[in-house]
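**Q** Just dropping this structure here.
Residue numbers (the UniProt record's numbering): 1 to 108.
Shown next, in the form of structure tokens:
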């Protein structure tokens with residue numbers, strides 16, 4: 001699914017991801033993601049941190065970065081909105097769409 005195509009402009013999507021660090025020295029880390037509760041892709045042989053620290057109490061995901069990168073810069077001004085960002089230790093699902101529209105034309 002091309003989330004960023006012109007055909008999808010103005011459309012909200014629910015994007016969920018599951019990340020699990022690997023066992024130190026093993027390729028058993030996980031990354032999976034869903035769009036609107038439909039599974040898209042999974043990788044199950046990742047080595048996120050190799051063996052640099054074998055104490056499982058010191059191996060944690062301690063930051064989440066939401067970034068946007070375009071190699072040579074965007075040819076036009078663009079906007080991207082994110083809402084209801086949640087970090088959880090278990091799946092939360094997308095839930096029902098809200099009928100509480102606060103803004104009808106972007107952020108006023």
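C-beta atoms are modelled at their ideal positions from N, C-alpha and C, and glycine is treated no differently.
Evaluate contact between the stretch 2 to 21 and the stretch 35 to 48, counting only Cβ atoms and requiring at least three cross-stretch pairs below 8 Å.
**A** Enough Cβ pairs lie closer than 8 Å, so yes.
**Q** Tell me whether the beta-carbon of residue 66 lies closer than 8 Å to the beta-carbon of residue 46.
**A** As a working note, residue 66 is residue 66 in the chain shown. As a working note, residue 46 is residue 46 in the chain shown. Not a contact, by the Cβ cut-off of 8 Å.
**Q** Does residue 17 come out as helix, strand or coil in the three-state DSSP assignment?
**A** For the purposes of this step, residue 17 is taken as the residue at position 17 of the chain shown. Strand, per DSSP.
**Q** What are the partner residues of residue 38, as DSSP defines its beta bridges?
**A** Within the chain shown, the letter at position 38 stands for residue 38. For residue 38, which the question treats as bridged, DSSP gives the partners 35.
**Q** Using the Cα positions of residue 7 and residue 77, report the straight-line distance between them to the nearest angstrom.
**A** Locating residue 7 in the chain shown gives position 7, where the first residue counts as 1. Locating residue 77 in the chain shown gives position 77, where the first residue counts as 1. Near 17 Å, if we compare the C-alpha coordinates of residue 77 and residue 7.
**Q** Per DSSP, residue 29 forms a beta bridge with which residues?
**A** Position 29 of the chain shown holds residue 29. DSSP lists 46 as partners of residue 29.
**Q** Report yes if the CB atom of residue 87 is closer than 8 Å to the CB atom of residue 64, and no otherwise.
**A** Residue 87 sits at position 87 when you count from the first residue of the chain shown. Residue 64 sits at position 64 when you count from the first residue of the chain shown. Taking 8 Å as the Cβ cut-off, residue 87 and residue 64 qualify as a contacting pair.
**Q** Could you give the DSSP three-state label for residue 8: helix, strand or coil?
**A** For the purposes of this step, residue 8 is identified with residue 8 of the chain shown, where counting begins at 1. If DSSP states are grouped into helix, strand and coil, residue 8 belongs with the helices.
**Q** What is the rounded straight-line gap between the Cα of residue 95 and the Cα of residue 27?
**A** For the purposes of this step, residue 95 is identified with residue 95 of the chain shown, where counting begins at 1. For the purposes of this step, residue 27 is identified with residue 27 of the chain shown, where counting begins at 1. Going by the C-alpha atoms only, they are around 33 Å apart.
**Q** Just how far apart, CA to CA, sit residue 75 and residue 25?
**A** Taking the first residue of the chain shown as 1, we reach residue 75 at position 75. Taking the first residue of the chain shown as 1, we reach residue 25 at position 25. Roughly 43 Å separates the two Cα atoms.
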